[in-house]
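For the sequence shown, the residue numbers in the UniProt record's numbering are 1 to 217. Idealized CB from N, CA, C, for every residue including glycine. I have placed the structure first, in the form of structure tokens, so that the comments after it can refer back to it.
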Amino acid sequence: MSGHGHHLTEEEAAAMFEPPSWDERYSGAEKVWSGNPNPQLVAEVGGLTPGTALDVGCGEGGDVIWLARQGWRVTGADFSANGLARAARHAEQAGVADRTDWWHVDARSFTSDGRSYDLVTSHFLHPPDGGMVEVTRRLADAVAPGGHLLIVGHAPHEVFTHLTASHRRAMFVAEELLPGLPDGFEALVVEQRPRTVTRDGVTVDIQDSTLLARRTS
1 MSGHGHHLTE
11 EEAAAMFEPP
21 SWDERYSGAE
31 KVWSGNPNPQ
41 LVAEVGGLTP
51 GTALDVGCGE
61 GGDVIWLARQ
71 GWRVTGADFS
81 ANGLARAARH
91 AEQAGVADRT
101 DWWHVDARSF
111 TSDGRSYDLV
121 TSHFLHPPDG
131 GMVEVTRRLA
141 DAVAPGGHLL
151 IVGHAPHEVF
161 THLTASHRRA
171 MFVAEELLPG
181 LPDGFEALVV
191 EQRPRTVTRD
201 GVTVDIQDST
211 LLARRTS
């Protein structure tokens, strides 16, 4: 997000929830993200038997590439065409292009269209105004019987004061997503996990809201 020195207006913030601003972010030469997999993905998926996976909001593809390297067949989905193009390049550079494919879709309106996956995962997708419960429902529809759903996001925290109110409202704790789980799902992990990050040279403790559920029927 923006540095502490620049407070976004609500209009600028609203635009950050839409594809054009992300296409712009992904248009430069520099990587936007580290390329490292998200730690909760590694923690929860490392022990699972690889199968098919869908990563929604995949950005530059760090998680997709990690999953492919673990033996998963991965579809990376994002609403930014530039992000997907960059992710596909990174997958080629990593030698996993044959295990990955890409889907240009907005998480807020996507439907699984009868496709199902052994793992559906989404990290740090924060649709505005509590929209993550509905996204949870959409993601859950794409999980195959016996498969897993992993959703990780930012828990509200005072470190995020430089963000607008709408961005802070988009954050969630894991249990707020439970109404989005359909029947036939068993929640395995519902917790906030502390993590230390460095932003703008400042080290802060934040929390990853982590929901892991399994489709039992």
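Are the beta-carbon atoms belonging to residue i and residue j less than 8 angstroms from one another?
i    : j    : result
G59  : P37  : no
R108 : G131 : yes
H154 : S80  : no
V152 : F124 : yes
E24  : V189 : no
A77  : L54  : yes
R215 : Q40  : no
Looking at the secondary structure, which residues open and close the alpha helix (DSSP H) in which residue i lies?
i    : result
G147 : That residue, G147, is in no alpha helix (DSSP H); its beta strand (DSSP E) goes V143 to H154.
G62  : G62 to R69
H167 : A165 to A170
Consult DSSP for residue i and reduce its assignment to one of helix, strand or coil.
i    : result
T100 : strand
F185 : strand
M1   : Its pLDDT being 40, under 50, M1 is placed unreliably in this model, and the value from its coordinates should be taken loosely. Three-state result, M1: coil.
L48  : coil
T198 : strand
H6   : Caution applies to H6, whose pLDDT of 46 falls short of 50 and renders its modelled position unreliable; the value that the coordinates give is listed next. In this structure, H6 counts as coil in the three-state DSSP scheme.
E191 : strand
Residue range of the beta strand (DSSP E) that residue i falls in?
i    : result
R214 : V202 to R215
S122 : Y117 to H123
A91  : Unbroken run through A91 is the alpha helix (DSSP H), A81 to Q93; no beta strand (DSSP E).
A77  : R73 to D78
### Query
Is the stretch 172-180 touching the stretch 130-147 in the sense that three or more CB pairs, one from each, lie closer than 8 angstroms?
yes
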